[in-house]
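Peer 1:
Numbering (our numbering), first residue to last: 15 to 284.
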């Protein structure tokens with residue numbers, strides 16, 4: 015049974031503990047501010063992404079994880095959708111933008127969300143996998159389970175048994191139903207409104223959308239002048255739905271794709 019700690023504070027503390035265990039982020043629990051969670055005023059935050067898009071990985075590792083370092087996580091309902099620019103072929107098969115390895119990892123992350131629905135359980139695993147993608151070492155993704163105390167067999171059973179494919183088709187339907195339709199990934203949506211190329215300023219949009227009586231303390235530290243932010247940052251790189259195969263990012267991902275295929279074949283032959 016969990017303690018009486020406020021749910022948002024518990025989530026942030028748990029996530030930061032996981033990160034310390036696998037040495038992915040510098041400890042930041044000392045700066046964490048505990049506040050009660052008000053579910054009625056939570057802001058919805060949706061991330062539509064694909065596992066091997068380097069810009070999705072960068073956003074998850076270097077930007078999205080920051081909401082766990084303050085009280086802001088207590089005011090957010092985060093929804094991760096690992097499908098991205100994949101395409102359905104026929105009724106039950108699909109192609110992923112960065113090849114079969116991306117289909118594998120999209121499904122692995124979908125299974126993790128399904129098996130461990132609590133954000134403080136599945137997000138550290140997804141963060142770990144995307145950290146490896148970010149550092150061009152994603153073939154070591156299986157190493158993420160043990161430090162987090164998660165059973166990798168549950169995920170392999172989900173993948174091999176067909177549940178993973180069902181989940182991905184559900185995520186495909188959710189992604190394809192977006193209005194306006196997504197144009198690239200990462201595609202970040204706050205309260206139903208896409209942020210387009212200003213997605214790195216997602217915390218500012220969360221603060222603007224929050225309707226509670228007391229603004230999260232983290233919001234006082236953020237500049238909400240998005241015009242200045244755009245001028246300073248220009249546009250952010252993304253994986254377009256029709257990515258040029260000659261791009262450096264595409265070549266980096268493609269160079270590592272085949273090294274994961276042995277795991278996929280072993281799983282399907284088991």
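We put the CB at the ideal spot given by N, CA and C, even for glycine.
Given the structure is predicted, the values throughout are model-derived calculations rather than measurements.
Who pairs with residue 102 in a beta bridge, going by DSSP?
Peer 2: Here residue 102 is taken as the residue at index 88 of the chain shown, counted from 1. 108.
Peer 1: For residue 172, tell me which candidate among 74, 119 and 66 has the shortest Cα-Cα distance.
Peer 2: Counting from 1 along the chain shown, the entry for residue 172 is found at position 158. It is 119.
Peer 1: If you run the structure through DSSP and keep just helix, strand and coil, what is residue 169?
Peer 2: Residue 169 sits at position 155 when you count from the first residue of the chain shown. Residue state for residue 169 is assigned as helix, using DSSP reduced to three classes.
Peer 1: Do you know offhand how far residue 219's Cα is from residue 170's?
Peer 2: One-based indexing of the chain shown puts residue 219 at position 205. One-based indexing of the chain shown puts residue 170 at position 156. For residue 219 and residue 170, the distance between alpha carbons rounds to 37 Å.
Peer 1: Which term fits residue 107, buried or exposed, when burial requires 16 or more other beta carbons within 10 angstroms of its beta carbon?
Peer 2: The count along the chain shown starts at 1 and reaches residue 107 at position 93. The Cβ neighbour count for residue 107, taken over all protein chains shown within 10 Å, is under 16; the residue is labelled exposed.
Peer 1: If we ignore side chains and look at the alpha-carbon of each, how far apart do residue 84 and residue 232 end up?
Peer 2: The sequence position of residue 84 within the chain shown is 70, counting from 1. The sequence position of residue 232 within the chain shown is 218, counting from 1. When rounded, the distance between both Cα atoms is 6 Å.
Peer 1: Look up residue 91 in the DSSP assignment and give the residues it is bridged to.
Peer 2: Against the chain shown, residue 91 aligns to sequence position 77. Its beta-bridge partners are 58.
Peer 1: From residue 152 to residue 114, what does the alpha carbon distance come to, in whole angstroms?
Peer 2: Against the chain shown, residue 152 aligns to sequence position 138. Against the chain shown, residue 114 aligns to sequence position 100. Cα-Cα distance, rounded: 13 Å.
Peer 1: Give the straight-line distance between the Cα atoms of residue 223 and residue 205, rounded to the nearest whole angstrom.
Peer 2: Along the chain shown, read from residue 1 onward, the residue named residue 223 stands at position 209. Along the chain shown, read from residue 1 onward, the residue named residue 205 stands at position 191. Their backbone Cα atoms lie some 7 Å apart in a straight line.
Peer 1: Pull up the CB-CB distance for residue 148 and residue 72, whole angstroms please, since I reckon it's below 8 Å.
Peer 2: Your numbering for residue 148 matches position 134 in the chain shown. Your numbering for residue 72 matches position 58 in the chain shown. The Cβ separation is near 6 Å, so the contact holds.
Peer 1: According to the Cβ coordinates, are residue 199 and residue 64 closer than 7 Å?
Peer 2: Looking up residue 199 in the chain shown gives position 185. Looking up residue 64 in the chain shown gives position 50. The answer is yes: Cβ separation under 7 Å.
Peer 1: Let's test the definition: count the other Cβ atoms within 10 Å of the Cβ of residue 121 and tell me whether it reaches 16, buried, or not, exposed.
Peer 2: The count along the chain shown starts at 1 and reaches residue 121 at position 107. Buried.
Peer 1: Have a look at 75, 88, 76 and 58 and flag the residue whose alpha-carbon is nearest the alpha-carbon of residue 228.
Peer 2: Position 214 of the chain shown, counting from 1, holds the residue named residue 228. For residue 228, the nearest C-alpha among the options comes from 88.
Peer 1: Bridge partners for residue 253 per DSSP, in chain order?
Peer 2: Here residue 253 refers to the residue found at position 239 of the chain shown. Note: residue 253 sits in a beta bridge opposite 199.
Peer 1: Of all the options 105, 78, 76 and 82, which has the alpha carbon lying nearest to the alpha carbon of residue 182?
Peer 2: For the purposes of this step, residue 182 is identified with residue 168 of the chain shown, where counting begins at 1. Considering only alpha carbons, the answer is 105.
Peer 1: Give me, in chain order, the residues of the same chain whose beta-carbon lies closer than 6 Å to that of residue 100; leave out the 5 immediate sequence neighbours on both sides.
Peer 2: Along the chain shown, one-based indexing puts residue 100 at 86. Taken in chain order, the residues that qualify are 108 and 110.
Peer 1: What are the partner residues of residue 63, as DSSP defines its beta bridges?
Peer 2: Locating residue 63 in the chain shown gives position 49, counting from the first residue. In the DSSP output, where bridge partners are listed per residue, residue 63 has 96.
Peer 1: Taking C-alpha atoms, which residue in 132, 97 and 145 lies nearest to residue 78?
Peer 2: Taking the chain shown and counting its residues from 1, the one referred to as residue 78 is at position 64. Ranking the options by Cα distance to residue 78, first place goes to 145.
Peer 1: Rounded to the nearest angstrom, how far is the Cβ of residue 213 from that of residue 202, given a contact under 8 Å?
Peer 2: Reading the chain shown from its first residue, position 199 is the one you call residue 213. Reading the chain shown from its first residue, position 188 is the one you call residue 202. Confirmed, Cβ separation roughly 4 Å.
Peer 1: Would you report the Cα separation of residue 75 and residue 69, rounded to the nearest angstrom?
Peer 2: Here the question's residue 75 lines up with position 61 in the chain shown. Here the question's residue 69 lines up with position 55 in the chain shown. If you take the alpha carbons of residue 75 and residue 69, they lie about 10 Å apart.
Peer 1: Do residue 57 and residue 90 have their beta-carbon atoms positioned less than 7 Å apart in this structure?
Peer 2: Your numbering for residue 90 matches position 76 in the chain shown. Your numbering for residue 57 matches position 43 in the chain shown. For residue 90 and residue 57, yes; Cβs fall inside 7 Å.
Peer 1: Are the CB atoms of residue 59 and residue 92 within a distance shorter than 7 Å?
Peer 2: In the chain shown, residue 92 corresponds to position 78, counting from 1. In the chain shown, residue 59 corresponds to position 45, counting from 1. It is a contact, given that the beta carbons lie within the stated cut-off.
Peer 1: Residue 168 and residue 127: beta carbons closer than 7 Å?
Peer 2: Position 154 of the chain shown, counted from the start, is the residue given in the question as residue 168. Position 113 of the chain shown, counted from the start, is the residue given in the question as residue 127. In this structure, residue 127 does not lie closer than 7 Å to residue 168 by Cβ.
Peer 1: Let's test the definition: count the other Cβ atoms within 10 Å of the Cβ of residue 194 and tell me whether it reaches 16, buried, or not, exposed.
Peer 2: Taking the first residue of the chain shown as 1, we reach residue 194 at position 180. Residue burial annotation: residue 194 is exposed, with fewer than 16 other C-beta atoms found within 10 angstroms of its C-beta.
Peer 1: Beta-carbon within less than 7 Å of residue 188's beta-carbon, same chain only, minus the 5 sequence neighbours each way: which residues are those?
Peer 2: Taking the first residue of the chain shown as position 1, residue 188 is located at position 174. So the list reads 95, once near-sequence residues are dropped.
Peer 1: What is the DSSP secondary structure of residue 68, counted as helix, strand or coil?
Peer 2: If you number the chain shown from 1, residue 68 lands on position 54. The answer is helix: DSSP assigns residue 68 an H, G or I state.
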